[in-house]
Each structure stands twice: as C-alpha cells, then as structure tokens.
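In this text, residue positions in the sequence shown follow my numbering: the first is 25, and each later residue adds one.
Glycine residues also receive a C-beta, built at the ideal position from the N, C-alpha and C atoms.
What you are looking at is a predicted structure, and each value in this text was computed from that prediction instead of being measured.
Here is the structure we will look at.
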Amino acid sequence: MPIYDQNAFRSSPHGFLFAAPTKRHPSSRTPRRRTIYHTIVKRIARTNFERVNDKNYDALLSACSAKVRHRFGGAHAMGGTRHDREALRRWFGRLGYTMPTLRLAVQDVWVKGWPHDTTVIMRWNATATLLDGSPYRNHGVHVIRMRWGKVVDIDAHEDSLAVANGLLVQSRHSLATVSPQSRRGCR
C-alpha cells in the first residue's frame with residue numbers, strides 16, 4: 025500500500041481529489057521486529073555504560089563472552105588488548121582505582137545486525153575530577169560486537185593523550201599502579 029504525500033493531491037475534472045502515490049522511504053521497509061531488537065540492544069548498551077559509572081563491573085562482565093576481546097588504545101597503563109573476561113575484570117578494577125570519579129555520558133547509540141552478529145557503536149563523553157582537583161575530559165567511540173546476547177569484542181577509540189595525561193596526574197598523587205611498568209598482563 026503506497027504512502028501518500030498530503031501535498032500530492034490533485035483535482036480531477038469532476039472535482040474529486042486524487043492522490044499521487046509517493047515512494048516509501050527505505051527505512052520504512054525495515055521489519056518491526058528488527059526495530060524492536062535494536063531498541064532492546066540500545067537499552068542494554070546504555071545500561072552497561074551506567075554499570076561502569078556505578079562500578080558494577082561484575083554485572084557488566086556477565087554480559088561478556090568468556091573469550092571477549094577488549095582493546096583500549098594508548099601507550100599508558102590502561103592501554104593494550106585483553107583476550108578474556110578475567111583480564112577484562114582486572115582492567116576494570118584498574119579503571120575504578122585510577123579514575124574513581126569517572127562518569128561516562130552516552131551521546132549516541134547505533135545498532136546494526138541480527139542476534140547472531142550485532143554491531144553496536146556508542147559515542148560518549150567522559151568526565152572526572154583528578155586527585156589534584158583538575159578536571160578530566162575525554163570523548164570517544166566504542167565499537168562493540170555481540171553474538172547471541174554476549175559481548176565478544178570491544179574496541180575503544182578515545183583521546184589516548186587525554187588518558188595518558190590524566191593517569192600522569194593520578195600517578196603524581198600517590199597512585200603508584202598507573203605507572204607504565206604496571207601494564208604487565210594487559211597485552
């Protein structure tokens with residue numbers, strides 16, 4: 025059934041109005057169940073970012089596959105790649121310790137795919153107060169892959185210089201674990 029544009033009505037010689045059918049927008053062809061699935065995944069993704077804010081890492085990790093891959097860019101204590109849930113648990117522990125006031129605010133979430141292969145892209149801003157009282161600000165994008173409801177891949181793209189500078193401030197104020205030597209086990 026065509027969708028009618030209200031501005032496309034024409035008069036006939038007999039005074040009747042006829043509507044000229046217009047083409048459907050491609051997004052209107054998306055099945056409803058796909059839209060519902062994407063809405064659910066968006067909600068789950070936002071909830072998981074709130075779990076980072078709440079330091080509820082166990083609930084977040086339960087949504088991850090045992091062999092989850094996590095990459096966080098940068099040549100600093102938080103940078104590197106983890107290849108399983110336990111390594112990611114240690115990384116979140118370090119995140120909570122080094123940036124105790126970190127708050128992530130999700131700006132946008134895009135979801136593509138079906139339950140067997142879903143890609144989630146999240147754009148976010150981060151804020152914190154560093155130990156010397158200065159503000160920390162960062163922004164970035166996470167590209168997350170899911171399979172059958174479990175996160176299998178997390179790729180974080182952020183301003184790694186801002187992270188390194190924030191960690192430097194934290195290390196100068198008695199957080200010894202953020203030194204570059206503390207990266208063992210993160211690769």
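Simplified DSSP state of residue i, which is helix, strand or coil
i    : result
S195 : helix
K91  : strand
D78  : coil
A101 : coil
H163 : strand
H62  : helix
Same chain, Cβ closer than 7 Å to residue i, neighbours up to 5 away in sequence not counted
i    : result
F96  : M102, G103, G104, A180
K66  : V133, V135
R113 : Y81, L85
A83  : R75
G137 : T143
I60  : none
Cβ pair residue i, residue j closer than 7 Å
i    : j    : result
V130 : F73  : yes
A90  : R109 : yes
A150 : L128 : yes
T125 : A152 : yes
W115 : P139 : no
8 Å Cβ shell around residue i - same chain, five flanking residues per side excluded
i    : result
H197 : L154, L155, D156
I168 : A69, T143, V144, I145, M146, V175, D177, I178, D179
D183 : N162, H163, G164
P159 : T151, A152, T153
Q194 : T122, M123, L154, L155, V202
Same chain, Cβ closer than 6 Å to residue i, neighbours up to 5 away in sequence not counted
i    : result
H166 : M146, A180
M123 : A152
H62  : V135
G120 : K79
R15  : Lying before the first or after the last residue shown, residue 15 is absent from the chain, which here runs from 25 to 211.
Any C-beta of chain D under 7 Å from that of residue i
i   : result
N80 : Reference to chain D is not applicable here, since this structure consists of a single protein chain.
Handout entry: the region 88-95 contacting the region 172-186, beta-carbon criterion three pairs below 8 Å
Key = yes
Problem - Completely contained beta strand (DSSP E) runs for the region 114-141, where each covers 3 or more residues - result: 127-138
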